[in-house]
Every structure is written in structure tokens, then in C-alpha cells.
Amino acid sequence: MTDIEKEINTAIKGLTRRVNLKIEHIYVIENTLANFQVDTLTNSDINNQIWYQSLNGNNTKLALQQNIYTSEMVKLLTLRAIILPDTLPEFLDWLQQREGKNQEHYQYSLDFQINLSKNLSEKTPYLLAKVNEGVRLIIIELVNKSYLLKTVIWLLKYQENLWGKAYQDDVRISLENLLAFIAHFPENTSNFQLFTNEEYQQIRQYKKIKIIPRYKILGDLFAQLDDKSIPLSIFFYQLSCGKVPSKVYQKIKPNLGKVFSLEIKENINFIQKILRIILSFKFKNLNFFRKEMLYCFGRMIMWWLIVFVCGSINPALIYLAIIANLPLVSFYLIGGILVNFTELLLMKLDYYEPSDYDLIMQISVIAYLIILPYLLNYIYRYLIFKNRKIGFRIAEFFLWLTLLFIITFIFSLFVELR
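Position one of the sequence shown corresponds to residue 0 (numbering that gives the first Met the number 0), numbered consecutively onward.
Shown next as C-alpha cells:
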């Protein structure tokens, strides 16, 4: 064993076995990294071999194979992942393999990182560079190793975590700069080799970008870190899915159309669309002389004429008219439910005055079976889909068909209660 190897082994044992870290041991690691960096062109393989021999000793392999999570082993493997960034994925996989409620090994690693971080400064640039390299590597590796998501979030989410601090102070900014200025650089010359050359060239154009599903995991990652990472999350969701989940999209400024020059779209479902229209609806939109409302009224009259004609020819043909306008039928059934509810309420209150009873029921019929379906149909046709015609996609057809069955079932219950 050479003198360098002896010094390294002594420093490793001192760092992993002592509660209070000695700065001398940290400087041994730092100086060795610095010397190896200078000598890397001629002896890179030998240098790596020395590190692997030193850090894979002390029963490291046994701890990995048999899942031994003692404080010393966790510290040793944490240090190994710092000095040899390519072992970081293996370290994270090992951490998450421990099952059960006892998860103290995460705290062992975190405490060690906190103590080590207190002693890292501008005097330890090579150790800090290794930590930064590890963060870049694990983000790249996560694209193909999505099972590591939980532990990568733990690794990067908190600033007291050594890798988390490196992510916030350096790597996140580097990735943002890469995406912000990607159009200005024909080749990726940064230290963040995340994309293949073909993907890089495609993203540079920002036009008709093909969806690349494998980057969705990065959208998931950045969404669960901090608010500063939300733009990154939005970018990778848009890149991988073509749309951004509503929960993530809502965290940015309203009406923001682009992130890192990439056009973004919010992914909202049909129910969310309806709720938003209802919540933002203003009475000024209820101008009954707007041409859209007149068109909507005309189409409703035409639909009723079709129902009447079909029923006159053959009652079974009415089903064709129903299928042709499932939303409107659903709105009428909702109105019917409200009419029946009103009648049940009056009966419950023992409201026996015939004239008043008839008047209330007449008003409810007009409100619920004429005005309400008309307004709901207008909102659906012109405010949600902006003058979209009767035809709609198959998925929406089956959605309305399902809703129709549910509403019909509720309607039948009210009829039976009467």
C-alpha cells in the first residue's frame, strides 16, 4: 500500500467513524482529488483504481449486498457517492431498499452531509465540484431510472442536504441557462449533457417539437422540489406530454404562454373547464340578443322539431335525436330533477294551497325545463368550446353518455319518491 493510499484510508476512517469531523481528513481528500486532477491525463485509470480500492474496502460491498445500514456504513457509502459520483445511483437505490418503519439510515446520511458541508468552502473546490457533478449525473440518470424518484427528491429537496445545496446554488441555475439560451448554441457545450444530439437540435428550433415521453420523470421531480424549480417542471412536462398538469401550471403567473421559449398548454379536464366557466361567468354575458345565444336558441328549437318529427314517424327514432345531442338531453334531465325536487319539497312542507302550489310549479317548470337547459347549453357550446358544432370527440361522447345514465338514474329515483 502506497503512502497516498494509507493517507486516504486514514482520512476515510476518520470521517466515517468519528462524530466530530477533522478538517485535516477533509483536506486529505481535497488535496488528493486536486493532485489526481492534475495527473488525470496520464494516470486517470490508476487514480480511479486507488479511489475504488479505498472506498470499496471496509465491507462496503457486503453492506450493499446484504443491506447493512449501520451509521458507519451509511457514512462510508455517502462519502463514496460524493467522491465517486457514478456510484450515487447505486447509493440511492441501496437507501430505498430498506423496508419497514425504521428509516433512520436517511438521517445518518443527512447528519453526515450537514457536518461535512460545514467544513466545505472555497478551500475545497474539488470536493464541491464532485458534489455538483453528482447532482448533474443523477438528474440525467433519473430519466432512465425512474424508480429512484423518491430518493432523488430526498437528495435535492432540502438545502441542508449537501447535494440539495449544490442543486439550488449551482446545478439548477446551469440547467435553466442551458434551456434559456439553447437556441443560441448550435452544439451543447455545457457541462450538462442531458439531451441526445438529435433531441438538442429539435429543442433548439422550438417549432413542432415532438413529444419525448421519457422526460416526464423530470417534470415529476422538479414539481416536488421547490417553487424555484417550477419553470423546469413545466418545461419537461410540456416536452414529454404536450401539456402541463393543472396543479403545476397554476403555480406560475397567469396567462404565461412560454417557458424557456417553449409554448406551454395547461392540461385541464372537461369538468375543470365547466367549473372555470361557471366561476368566471358574469351576468353581462347573458345578453339574450347576442347572436350566439340566438343561434343556440334556434338550434334547440330545431332539435325539438326533430324529436317531434321522429316521434311522429316512429317513437324508436327519438333515440337517434337523443344521441345527436346528449349534452342538451342531460341538461333537460337536470331540469327535470330540479322540478321533481321542488315538488317533493312542497309536499314535505305540507303546502296545500292549490293556487300557490300550481304557481310555484309553473315557475319551476319554466325555470328548470326551459331557461336552465338553454343557458347550460349556451355555456357549453359557446363559452367552453367557442362555437363548436354539435359533433365532438369520441371520448367526450362516452363521457356524456355516462353522465346521461347517471342523471337518468337520479331522475328515476325522484320520480319514484313522488
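Glycine included, each C-beta is placed from N, C-alpha and C at the ideal position.
With 16 as the cutoff for other CB atoms within 10 Å, does Asp219 come out buried or exposed? It counts as buried.
Based on DSSP bridge pairs, tell me the residues matched to Val258. According to DSSP, Val258 bridges with Leu261.
Compute the Euclidean distance between the alpha carbons of Gln192 and Phe296, then round it to the nearest angstrom. 59 Å
Enclosing alpha helix (DSSP H) for Thr150 [first to last residue]: Per DSSP, Thr150 is one residue of the alpha helix (DSSP H) stretching across Leu148 to Lys156.
Contact between the stretch 14-22 and the stretch 100-120: three or more CB pairs below 8 Å? yes
Can you look up Asn266 in the DSSP assignment and give me helix, strand or coil? strand
Sort Phe35, Ser232, Asn313 and Leu147 by Cα distance to Phe90 and report the nearest one. Leu147
Should Gln167 be labelled buried (16 or more other beta-carbon atoms within 10 Å of its own) or exposed? If you draw a 10 Å sphere on the C-beta of Gln167, you find 16 or more other C-beta atoms in it, and that means buried.
Does DSSP put Pro212 in a helix, a strand or coil? DSSP places Pro212 in the helix class (H, G or I) of the three-state scheme.
State the Cα-Cα distance for the pair Cys309 and Leu316, rounded to the nearest angstrom. 5 Å
Smallest Cα separation from Leu261: which of Ser239, Asp226 and Lys250? It is Ser239 whose Cα lies nearest to the Cα of Leu261.
For Ile81 and Trp93, the rounded distance between their alpha carbons: Taking the straight line from one Cα to the other gives about 15 Å.
Checking 8 Å against the spacing of the C-beta atoms, do Leu174 and Leu231 come in under that value? yes
Inter-residue Cα distance where the pair is Ile3 and Asn196: 40 Å
Should Ile28 be labelled buried (16 or more other beta-carbon atoms within 10 Å of its own) or exposed? buried
To the nearest angstrom, report how far apart Gln95 and Tyr68 are at their CA atoms. Gln95 and Tyr68: Cα-Cα distance of roughly 11 Å.
Mind checking whether Leu325 and Ile406 have CB atoms under 8 Å apart? No, they are not a contact pair.
To the nearest angstrom, how far is it from the Cα of Tyr157 to the Cα of Ala165? 10 Å
Hey, Trp162 and Gly133: beta-carbon distance below 8 Å or not? yes
Distance between beta carbons of Val142 and Tyr51, contact taken as under 8 Å: Not quite, the Cβ-Cβ distance comes to about 26 Å (not below 8 Å), so this is no contact.
In three-state terms, what does DSSP make of Val243? strand
Let's see if you can read the secondary structure: which residues bound the alpha helix (DSSP H) around Arg79? Ser70 to Ile82
Using C-beta distances below 6 Å, list every residue in its chain close to Phe111, excluding the 5 sequence neighbours before and after it, in chain order. Lys74 and Thr77
Please state the DSSP three-state secondary structure of Lys227. helix
In the structure shown, what three-state DSSP assignment does Ile409 receive? Here Ile409 sits in helix by DSSP.
Alpha helix (DSSP H) segment containing Asn114, residue limits: Glu103 to Ser116
Measuring alpha carbon to alpha carbon, tell me which residue in Phe194, Tyr373 and Ile49 is nearest Ile300. Comparing Cα-Cα distances from Ile300 to each of Phe194, Tyr373 and Ile49, the minimum goes to Tyr373.
May I ask which residues mark the beginning and end of the alpha helix (DSSP H) holding Thr134? Note on identity: in this sequence residue 134 is Val, with Thr being the wrong assignment. That run of the alpha helix (DSSP H) goes Pro124 to Leu141.
C-beta neighbour in chain C for Phe340, strict 8 Å: The structure shown contains no chain C; it holds only a single protein chain.
Ala323 versus Val338 - alpha carbon distance: 25 Å
Val308 (DSSP reduced to helix, strand or coil): helix
Just the C-alpha distance for Leu412 and Ile270, rounded to the nearest angstrom, thanks. The alpha-carbon atoms of Leu412 and Ile270 are separated by roughly 24 Å.
So what does DSSP say about Asn34, is it helix, strand or coil? helix
Determine whether the beta carbon atoms of Ile49 and Ile7 lie at a separation below 8 Å. Yes; because the gap between Cβ atoms is below 8 Å, this pair is in contact.
Ends of the alpha helix (DSSP H) at Asp2? Asp2 to Arg16
Can you tell me where the alpha helix (DSSP H) with Glu462 in it begins and where it stops? In this structure the chain extends from 0 to 417, so residue 462 is not present and cannot be described.
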